Amino acid sequence: MGCLFTSPYSPLYYLFPPAKSQSLEEQPKVYSWDVRERVDPKDYMIENKQNDVFIKLPGSINGMQFIIQNLENCVVYLFDNVAQVSIDDCKNCKFFIGPSKGSVFIRDCSDCNLATVCQQFRTRDCKRITTFLSCGTQPIIESSTSMKFSCLTINYAQLTEQLKNAKISIFNNNWNNIHDFTPVPGELNYSFLSQTYQLIDYVPLPDKFTCNQLKLTFSKTDTLIPLTLGISNRPTSESVLVVYFPNDSTDQAQQNQEIQASQLINEIKNNYSHILLVQAKKYNLSELSAENVFGTKSFNDYLKNGPIIGLEFNGNDASRQCHELVESLKLKPVFVSCPSSNLMHQIDTFYNFADMQMSV
Amino acid sequence: MGLLSLLKKLRSNPEQELRILLLGLDNAGKTTLLKSLASEDVSHITPTQGFNIKSVQSEGFKLNVWDIGGQRKIRPYWRNYFENTDVLIYVIDSADRKRFDETGEELSELLAEEKLMGVPVLIFANKQDLMNSARASEIAEGLNLHTIRDRPWNIQACSALNGEGVKDGLNWISKNIQRKKK
Amino acid sequence: MKLKRFLLRYYPPGIILEYEQQNVLKTKSIDLLDLKPNTNVQELVEEIAKKERLITNSRKEQVAQLIIKLQQKISQPDDRYFYLFKVLRAHILPLTNVGFNKSGSCFITGSYDRTCKVWDTASGEELHTLDGHRNVVYAIGFNNPYGDKIATGSFDKTCKLWSTESGKCFHTFKGHNSEIVCLSFNPQSTMLATGSMDNSAKLWDIETGVELSTLTGHSAEIISIGFNTKGDQVITGSFDHTVSVWDVNSGERIHSLIGHKAEISSAQFNWDCSMIITGSMDRTCKIWDAGSGQCMGVLVGHEDEVLDVVFDYTGQYIATASADCTARIYNAFTHELISKLEGHQGEISKITFNPQGTRVITASADKTARIWDPFTGDCKQILEGHTDEIFSCAFNYEGNTIITGSKDNTCRIWR
Chain U
1 MGCLFTSPYS
11 PLYYLFPPAK
21 SQSLEEQPKV
31 YSWDVRERVD
41 PKDYMIENKQ
51 NDVFIKLPGS
61 INGMQFIIQN
71 LENCVVYLFD
81 NVAQVSIDDC
91 KNCKFFIGPS
101 KGSVFIRDCS
111 DCNLATVCQQ
121 FRTRDCKRIT
131 TFLSCGTQPI
141 IESSTSMKFS
151 CLTINYAQLT
161 EQLKNAKISI
171 FNNNWNNIHD
181 FTPVPGELNY
191 SFLSQTYQLI
201 DYVPLPDKFT
211 CNQLKLTFSK
221 TDTLIPLTLG
231 ISNRPTSESV
241 LVVYFPNDST
251 DQAQQNQEIQ
261 ASQLINEIKN
271 NYSHILLVQA
281 KKYNLSELSA
291 ENVFGTKSFN
301 DYLKNGPIIG
311 LEFNGNDASR
321 QCHELVESLK
331 LKPVFVSCPS
341 SNLMHQIDTF
351 YNFADMQMSV
Chain X
1 MGLLSLLKKL
11 RSNPEQELRI
21 LLLGLDNAGK
31 TTLLKSLASE
41 DVSHITPTQG
51 FNIKSVQSEG
61 FKLNVWDIGG
71 QRKIRPYWRN
81 YFENTDVLIY
91 VIDSADRKRF
101 DETGEELSEL
111 LAEEKLMGVP
121 VLIFANKQDL
131 MNSARASEIA
141 EGLNLHTIRD
151 RPWNIQACSA
161 LNGEGVKDGL
171 NWISKNIQRK
181 KK
Chain R
1 MKLKRFLLRY
11 YPPGIILEYE
21 QQNVLKTKSI
31 DLLDLKPNTN
41 VQELVEEIAK
51 KERLITNSRK
61 EQVAQLIIKL
71 QQKISQPDDR
81 YFYLFKVLRA
91 HILPLTNVGF
101 NKSGSCFITG
111 SYDRTCKVWD
121 TASGEELHTL
131 DGHRNVVYAI
141 GFNNPYGDKI
151 ATGSFDKTCK
161 LWSTESGKCF
171 HTFKGHNSEI
181 VCLSFNPQST
191 MLATGSMDNS
201 AKLWDIETGV
211 ELSTLTGHSA
221 EIISIGFNTK
231 GDQVITGSFD
241 HTVSVWDVNS
251 GERIHSLIGH
261 KAEISSAQFN
271 WDCSMIITGS
281 MDRTCKIWDA
291 GSGQCMGVLV
301 GHEDEVLDVV
311 FDYTGQYIAT
321 ASADCTARIY
331 NAFTHELISK
341 LEGHQGEISK
351 ITFNPQGTRV
361 ITASADKTAR
371 IWDPFTGDCK
381 QILEGHTDEI
391 FSCAFNYEGN
401 TIITGSKDNT
411 CRIWR
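Chains as they are written, first to last, in UniProt numbering: chain U, 1 to 360; chain X, 1 to 182; chain R, 1 to 415.
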């Protein structure tokens, strides 16, 4: 299939000159990428290096794609928004990758430690990668072995803004829910790190100056992204579900809702060390589903305002403490589950609806 | 959808209804493209573990689009879906230069499939919004698309994320199919 | 003729007589399809004795005891609550159909990953992967009540017969020119029927693996196939808007049931082979007299395509499932609407009674399966957890275990 153009030098041209309107139509369409400013790809690429440290500060990537390839014994920090990141053929490296609007894709790497917050996380042909992760969708691994996962804990000055740009909510982290495309019967290609380890054991902080400049912390107490245990790891049989609703459909209401949820998480973290956050979810709940979760229609009016935020805490006396705290914080509208034989079912239902919402 | 509806979509298509197969490597942006075709939100998309189907109206056609996961492990199952395909859409991550060879090999294998013989192929050079993306012309050259002579083909630059170029690809499909279905 | 012993059949209620005739052991069944917990036992015994010469005076007390046992069984209240027992990451691609063997001790799942897997229900362990098809395994089934064989029909145009015990393939049935999308064993387990997108159905000999006959006459895809209880007739439902009834021995068409205005979605005999129910994309169901092939009634009311339709085990009730997100229960004789099952938020693609007839389960595109009381229309329970559409669901014979198969690549066991 080729196009047959009539050359102006051909005698045919005079016999069949192209009609005017037609020639206008055939002008190639101009797309945004045809007219955008050309950038030097080298500015968005780190490749072929050994024993080196690279730091990209906020504002240096601005949501562009980033490529990392063929590194050995290097440490790379991207403290900025990225569109998508590929990490290829790296050995013995450590990475921090800032909020990625698309995927973080790791291929043919081994013995690396990684911290990242992204919309999608994918690996292929990797060995021994430990990932501290915050991922908006289910992370997937393919043909990868000895993969370890843990919850990302981090904060720095620009992180809130960057998460917003990447459309990532801190209340949706699926680090604990891995899908393995190539399971091996009788073996596990992935496992979860024990809670005793922290990010700093795997990825060092950058130099002091950078840390101060960014107000960077990897600590579990000061993290912006809530530290979650994951649903496979409840320490006690007592759980409680707290759900925040947006009061109206304004941005302000959603912001308040997030602030309230964060406030509760922090209060509990600071005052009740034995009560831990199992998982958080932020999603749009339908009215019928809401009735199933809450056993009442009384929250239905809030659902149309926007997504809800649900938090599951676990620990002895978690239910009573949460009720008291929520009461004292005077935060509304909020639902707090009551202890009952049906509670775990209620919580499962809550997660199930979240999974459905987020698949496809 | 249900199994019965799957069978209905599987049978030889009535006129004005097209069965479109959406293939490409993992992370190429197939599901984003599918959702973009259906004018849905593309900001939270999970990697596809099986397949997704959507019916989209375009230019008087009903397009039944089958989006099949692209992981290497499940590529051998692509052929499950070959039967009665009217158009093959092949999606390429134009910014993933490392895998141009891999995606080229998969495409030429598809084009050699007996069941896809003569099926028009539309190649979306996706992710043009990314800085490292190769232009559609570069990709066409790299993949030797000009050697395709046994079927109508076209390469269309697009960004499934912001929707640019997607409609132009659909227009090409309806033009080329009208000829066939007449 | 000499009566040797009685066998009890709970679902549908019946007494099987094992007797000897000219030194050959034979069986026949006395169906008690309309037995109720309050049926007068003595009257029933007398009625049976009048019709059945094998029931002599000395046997009457035994028969009465059996009837009481059946009554006890059917009067057990059914307020079971089902809990998710196991999630099986069954396949690497979406599931198609699922099915139990008669006892429910194991079940099978078919998948887009071209395999069928055999599972132990109690442990959730995978017993066998039936590997060999070159395309989607779509239609599957056990040769119940025996359960020692499994048939798989594939988009690769072949059907395979497997040993449940060893997972070995006995036969590959080749002959169809397009995807095989439905299959059924005859109740005697000597024959297998397959229906295909090539517009034909075929009957195969299970022992020898040879093709017995090709049933031709439909002008579009055959998507539903089943034997009657006696095993002498086969019914096929087609996208050509008609249903055909075939004589198994001759392969001749006995009836063509014409009347639906759109594709057939499902067709089935009732237990005593007197009636046929058909569901169609024309939003109606029709009830036909199996003997004459005449339409006896039309069930209207659904506002969208009817996607599945079934009789209960006794053949007294009909359940219909529709793309309008509702299901309906009808009396099979009076055609009276008994209840509407409302609540699903997506189309219902599958519906089935438990063998007891006390519950109905529906599988829906809204990612839930629901359990209903067919008589009141109350939703008794919502089975939640699948993250994508549910394509298939099944009860075991005891009615105490459910399996659901989904597009999310998993299978769930509920008990």
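For glycine and all other residues, C-beta sits at the position ideal for the given N, C-alpha and C. Fair warning: this is a prediction, and the values are worked out from it, not measured in the lab.
Min CB distance residue i to chain R below 8 Å
{"i": "R99 (chain X)", "result": "no"}
{"i": "L199 (chain U)", "result": "no"}
{"i": "I347 (chain U)", "result": "no"}
{"i": "Y77 (chain X)", "result": "yes"}
{"i": "R151 (chain X)", "result": "no"}
{"i": "D125 (chain U)", "result": "no"}
{"i": "N80 (chain X)", "result": "yes"}
{"i": "L3 (chain X)", "result": "yes"}
{"i": "F61 (chain X)", "result": "no"}
{"i": "L7 (chain X)", "result": "yes"}
{"i": "N292 (chain U)", "result": "yes"}
Which residues DSSP lists as bridging residue i, in chain order
{"i": "R331 (chain R)", "result": "Rather than Arg, the amino acid found at residue 331 (chain R) in this sequence is Asn. In the DSSP output, where bridge partners are listed per residue, N331 (chain R) has R:Y317."}
{"i": "A193 (chain R)", "result": "R:S184 and R:L203"}
{"i": "E20 (chain R)", "result": "R:K2 and R:L25"}
{"i": "N314 (chain U)", "result": "U:S239 and U:L276"}
{"i": "Q233 (chain R)", "result": "R:D247"}
{"i": "V75 (chain U)", "result": "U:V53 and U:K94"}
{"i": "residue 477 (chain R)", "result": "In this structure chain R extends from 1 to 415, so residue 477 (chain R) is not present and cannot be described."}
Which of helix, strand or coil DSSP assigns to residue i
{"i": "Q321 (chain U)", "result": "helix"}
{"i": "K208 (chain U)", "result": "helix"}
{"i": "V309 (chain R)", "result": "strand"}
{"i": "I150 (chain R)", "result": "strand"}
{"i": "N70 (chain U)", "result": "strand"}
{"i": "Y10 (chain R)", "result": "coil"}
{"i": "M45 (chain U)", "result": "strand"}
{"i": "P76 (chain X)", "result": "helix"}
{"i": "W271 (chain R)", "result": "coil"}
is_contact[residue i, chain X] using C-beta, thresh 8 Å
{"i": "L383 (chain R)", "result": "no"}
{"i": "V234 (chain R)", "result": "no"}
{"i": "residue 452 (chain R)", "result": "Look at the range of chain R in this structure, 1 to 415, and you will see that residue 452 (chain R) is not part of it."}
{"i": "I413 (chain R)", "result": "no"}
{"i": "M197 (chain R)", "result": "yes"}
is_contact[residue i, chain U] using C-beta, thresh 8 Å
{"i": "N126 (chain X)", "result": "no"}
{"i": "E106 (chain X)", "result": "no"}
{"i": "T387 (chain R)", "result": "yes"}
{"i": "P47 (chain X)", "result": "yes"}
{"i": "Q345 (chain R)", "result": "yes"}
{"i": "R72 (chain X)", "result": "yes"}
{"i": "M131 (chain X)", "result": "yes"}
Buried versus exposed call for residue i [16 or more other C-beta atoms within 10 Å across all chains shown]
{"i": "W370 (chain R)", "result": "Correcting the residue identity first, residue 370 (chain R) is Arg in this sequence and not Trp. It counts as buried."}
{"i": "V24 (chain R)", "result": "exposed"}
{"i": "V300 (chain R)", "result": "exposed"}
{"i": "H274 (chain U)", "result": "exposed"}
{"i": "A321 (chain R)", "result": "buried"}
{"i": "M275 (chain R)", "result": "buried"}
{"i": "K8 (chain X)", "result": "buried"}
{"i": "M117 (chain X)", "result": "exposed"}
The ligand FAD heavy atom lying under 7 Å from the CB of residue i
{"i": "L33 (chain X)", "result": "Ligands displayed in this structure: none; no statement on the ligand FAD is therefore possible."}
contact_flag[the segment 238-247 of chain U, the segment 301-313 of chain U] where n(CB pairs < 8 Å) is 3 or more: Verdict: yes, contact present.
Three or more C-beta pairs closer than 8 Å, one from the segment 156-163 of chain U and one from the segment 91-106 of chain U: is that the case here? yes
Cβ contact check for the segment 123-134 of chain X and the segment 157-167 of chain X: 3 or more pairs under 8 Å: yes
Taking three-plus beta-carbon pairs below 8 Å as touching, is the segment 172-184 of chain U in contact with the segment 130-143 of chain U? yes
With a cut-off of 8 Å, do at least 3 Cβ pairs link the segment 333-352 of chain R to the segment 360-374 of chain R? yes
Does the segment 205-222 of chain U come within contact of the segment 306-323 of chain U, defined as at least 3 CB pairs closer than 8 Å? no
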